[in-house]
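Right, one structure below, let's go through it.
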Amino acid sequence: MTLDQLLADTRPALSQIYAEDLPELSQAKDWQSKYRILMLLGRKLPPIPEKMKQPSLLVKGCESRAWLMHYYNQHQDQHFFVLDSEARIVKGLMAIMLCLVNGMSNTELKKFELEHAFDKLNLKPYLSQSRGSGLNAMMASIKDCCR
Amino acid sequence: MHTFDPVNFRGQFEFFLQNPGWVYLDNAATMHKPRAVVSAVNDFYQRSNSNVHRGAHNLSQHATRLFEQARDDIAAFINAKERQQIIFCSGATAALNQIAYGLMHTVLQPGDRVLITALEHHANIVPWHLHCVRFGVQLDVVPLTNDYQVDQTAFAQLLEKKPKVVSFSHVSNVLGHVQPVAEMVQLAKNAGAITVIDGAQGIVHEKLDVQALDADFYVWSSHKLYGPTGTGVLYGKTALLEQLTPIYGGGEMISEVQFSHSLFNILPFRLEAGTPDIAGVIGMAAAVNWLQKFNIDEIKEYKAMLLKQFFSGLSQIPGLDILSSPVHNAGIVTLNVQGEHPADVAELLSQQAVAVRGGQHCAMPLFNQLKLAGAVRFSFAPYNTEADVATSLHALTQAVEILTA
């Protein structure tokens, strides 16, 4: 497995999450179904193979371990990411986050506000303190990739 | 005759009136405060606020009397021989740092050994690194048995290496297991070691008599004993307290200062630099005075009953790895849902208004040894109810169902 392959596998997964799972999540009738969807959604992201999970990829500040890989297409000014987390709910939330930022230009990524975006999707309650610390740490690492 | 009334006990806590929906099972992290403590802190600020040990005015003298009365109350609570053996500090972490720092180069020399156990909280590991290991002190660790108890055979063997200091927790903050403290202190003393007990989780579990226990140091944090955060106690034998180099220098702790050197004050002041947390100390004493209105043995029995119910309910839930033993347990149950990350379990419990802690509980070396990413900790207090037990078991069942669906 290479980063190129992972990136190639991640993109269709994200499109599917965006088109199918996000609408379903916003219509979920109770908290149990919401969490079930979140966990399924995390499973759709291709996992980073154990061998590739170098310590340098670890995102600091998460309660559970999470990894981030990045590729920047200079010609088209687009940022692409692959991420993984050992906790399933966090991974589901990170997948949603990734749907929103994958392929963004440098300027777009710099301007992106997670809280605002989650609010628009009615996902703000998931940015609770402990949860938020992991998500915000991942967001900070993603933003650090900006030029 | 039983006089402990759980409804009355819970009724002492305004928090539960304000938050009736929450099942609070994160007591090992911090406990709630009874009205007696909140009003003691309030009263101090509203009626008696003044600095202590200075100022000839009556207000300061009054504040000093309250503050020093708190020292007497705490000394009586643990049956300390002398009041100066009670050193106020910000909590168990500060106390352990003061001890490790204070013993280095006075009692501990490079090449000496310090012995701890494999289940210590970071607060009883890092201070030894910070203040002793980097000056050449060797840290030895007593391993655990297969059922996560401190290996007493290994403890006896490691004592043969003649550690100068033996430091261990009264109760494991991760597992809830109560150590055979009295026996371990005796063995360590026979081996000629100074004994330090981290009582952060132990002080709330059973009545402490420091003279009977005979440990050289015993430390705890007030907020885990119904008191305010930011304050705690370092108890020590007078001769050893006198040998501790103060970790903080400043006001109050000196008898004479010149630009070339300073001479230290007498105990307890030499180890209490700066303005103390006066209101916190008064609140801490209010907590122990309040607690002593109840029968501590009955409180222990009640908590054991809740724990028994909880363990019995857990046995009905499939797919759990329970790390804590129900025997000699101070009210903490740590577990994992097989194959699931503790953060997910804790999140699903939080969603159902059950407050627990998921993670490594400031004990990374323990979890490395257990080869686990962490665990979910349920910690009980006497203000918890049988309904709390039932609700948390139901919530855990729901979490397992969602995770394994």
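Chains W and C are the protein sequences, given in the same order.
The first sequence runs 4 to 150 under the numbering used here.
The second sequence runs 1010 to 1414 under the numbering used here.
Using N, Cα and C, we set each Cβ at its ideal position, and we do this for glycine too.
Here the alpha carbons of Ala1197/C and Leu1168/C stand approximately 7 Å from one another. By the CB criterion at 8 Å, Asn1036/C and Ala1390/C fall inside the cutoff. Within the region 53-87 of chain W, those residues whose Cβ lies closer than 7 Å to any Cβ of chain C are, in chain order, Glu66 and Ser67. Nearest C-alpha to Gln1078/C among Ile1291/C, Asn1155/C, Thr1102/C and Pro1351/C: Ile1291/C.
Interface annotation for the region 1025-1049 of chain C against chain W: empty, criterion Cβ-Cβ distance under 9 Å. In this structure, the straight-line span from the alpha carbon of Met1113/C to that of Cys1371/C is close to 24 Å. Here Asn1182/C is buried, its C-beta having at least 16 other C-beta atoms within 10 Å. In terms of beta-carbon proximity, Ile92/W lines the interface with chain C, with at least one pair separated by less than 8 Å.
One thing to note: Leu1280/C has its Cβ within 8 Å of the Cβ of Ile1096/C.
Per the coordinates, the alpha-carbon of Leu43/W lies some 12 Å from the alpha-carbon of Glu27/W.
Closest by C-alpha distance to Asn139/W, out of Lys63/W, Asp12/W and Asp7/W, is Lys63/W. Glu89/W reaches chain C at His1350, Ala1352 and Ala1382, counting residues in chain order whose Cβ is nearer than 9 Å.
Residue pairing for Tyr1244/C: DSSP places it in a beta bridge opposite Ile1095/C and Tyr1227/C. At a cut-off of 8 Å between beta carbons, Tyr38/W contacts chain C. Collapsing the DSSP output to three states places Leu1234/C in coil. Counting only the Cα atoms, Asn1274/C lies some 19 Å from Asp1286/C. The beta carbon of Gln1360/C sits closer than 8 Å to some beta carbon of chain W. Separation of the CB atoms of Phe1387/C and Phe1319/C is rounded to 7 Å, and the pair is thereby assigned contact status at 8 Å. Under the three-state reduction of DSSP output, Leu117/W falls in the helix class. In the three-state reduction of the DSSP assignment, Gln30/W falls in the helix class, which pools H, G and I. Those residues of the region 18-42 of chain W placed with their C-beta closer than 7 Å to a C-beta in chain C are Trp34, Gln35, Tyr38 and Arg39, ordered along the chain.
Take Ala1127/C, set aside five residues on each side of it, and the residues of its chain with a beta-carbon closer than 7 Å to its own are Val1150, Val1151, Pro1152, Leu1153, Pro1374, Leu1375 and Gln1378, in chain order. Using beta-carbon distances, Leu1357/C counts as an interface residue toward chain W, with a partner under 8 Å. By the Cβ-count criterion, Asn1393/C is buried, with 16 or more other Cβ atoms from all chains shown falling within 10 Å of its own Cβ.
Within the region 1069-1148 of chain C, complete alpha helix (DSSP H) segments of at least 4 residues are found at 1101-1112 and 1135-1140, given in chain order. Taking the C-beta atoms as reference points, Ile1411/C is found nearer than 8 Å to Gln35/W. Listed in chain order, the positions of the region 1075-1102 of chain C with a beta carbon within less than 7 Å of a beta carbon of chain W would be empty, since no residue qualifies.
At a C-beta separation below 7 Å, Gly1368/C has these neighbours in chain W: Glu66.
Gly1245/C counts as buried, since at least 16 other C-beta atoms from the protein chains shown sit within 10 angstroms of its C-beta.
With respect to chain W, the C-beta atom of Ala1364/C has no partner C-beta closer than 8 Å. Residue-level contact by beta carbon fails for Ile1203/C and chain W, as no gap is shorter than 8 Å.
By the neighbour-count criterion, in which 16 or more other beta carbons inside 10 Å mark a residue as buried, Pro52/W falls on the exposed side. A straight-line Cα-Cα distance of about 36 Å links Leu1075/C and His1186/C.
By a beta-carbon distance limit of 8 Å, Met1293/C contacts Thr1240/C. Their separation comes to about 5 Å. The closest CA to that of Leu103/W, considering only Cys65/W, Lys123/W and Lys54/W, is found on Lys123/W.
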